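Counting the sequence shown from 1 gives a position; our numbering is that position plus 416. Note sheet for the following structure.
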Amino acid sequence: MSRIAAAVALLLTGYVLGRVSMTEAVAAPQTSTRVFELRTYTTPEGKLDQLNARFRDHTRRIFDKHNMTSIGYWTPVETPNTLIYILAHPSLDEAKKNWGEFRTDPEWQKVSTETAAQGLTGIKVESRFMKATDYSAIK
């Protein structure tokens with residue numbers, strides 16, 4: 417990840433985790449094992465709109481089916497072709513289980529195959545799992 421993208425991701429993470437404590441997605445029962453996942457997708461030039469459409473029309477709903485709580489989605493102002501989002505999982509083990517189920521979900525496989533056939537390929541994905549600090553607004 418470039419320095420600018422890393423700085424943007426850190427700033428967004430701090431802002432989001434500090435500001436969204438009142439939202440329904442974050443108001444879920446809090447546990448000490450809860451983890452947040454920061455994901456950054458970098459698309460080939462001209463493919464971000466297609467990726468956003470896939471998330472808007474399909475991916476978010478499929479995440480919900482697999483206990484993957486969407487916290488927020490952003491496109492950095494100074495980093496074109498980039499989507500950054502944060503998910504919450506009950507635990508790191510659950511996150512791994514959730515992703516396994518997501519990847520084998522027939523609806524996801526169909527959507528993924530269809531969008532790849534439409535040219536949505538070559539996406540670079542970065543993922544980091546995080547736990548909230550004891551002074552974080554959300555945990």
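All C-beta atoms, glycine included, are put in the ideal place defined by N, C-alpha and C. The structure presented is a predicted model; accordingly, all values stated were derived computationally and were not measured.
Identified DSSP bridge partners for residue i
i	result
Ala504	Phe452 and Thr485
Arg544	Leu454
Trp490	Ile500
Burial state of residue i (16 or more Cβ within 10 Å)
i	result
Tyr457	buried
Arg450	buried
Glu453	buried
Val541	exposed
Lys481	exposed
Lys463	buried
Arg477	exposed
Thr459	buried
Phe479	buried
Thr529	exposed
Residue i (DSSP reduced to helix, strand or coil)
i	result
Thr498	strand
Lys555	coil
Thr520	helix
Ala421	Here Ala421 scores only 49 on pLDDT, less than 50, and its place in the model should not be relied on; the value that follows carries that caveat. Reduced to three states, the DSSP call for Ala421 is helix.
Arg530	Note on residue identity: the sequence assigns Glu, not Arg, to residue 530. Correct three-state label for Glu530: helix.
Ile478	helix
Asp509	helix
Asp473	helix
Residue i - containing alpha helix (DSSP H), residue span
i	result
Leu467	Leu464 to Arg470
Meets three-Cβ-pair contact criterion under 8 angstroms: the segment 527-544 and the segment 507-514: no
Sufficient close CB pairs (3 or more, under 8 angstroms) joining the segment 464-474 to the segment 492-502: yes
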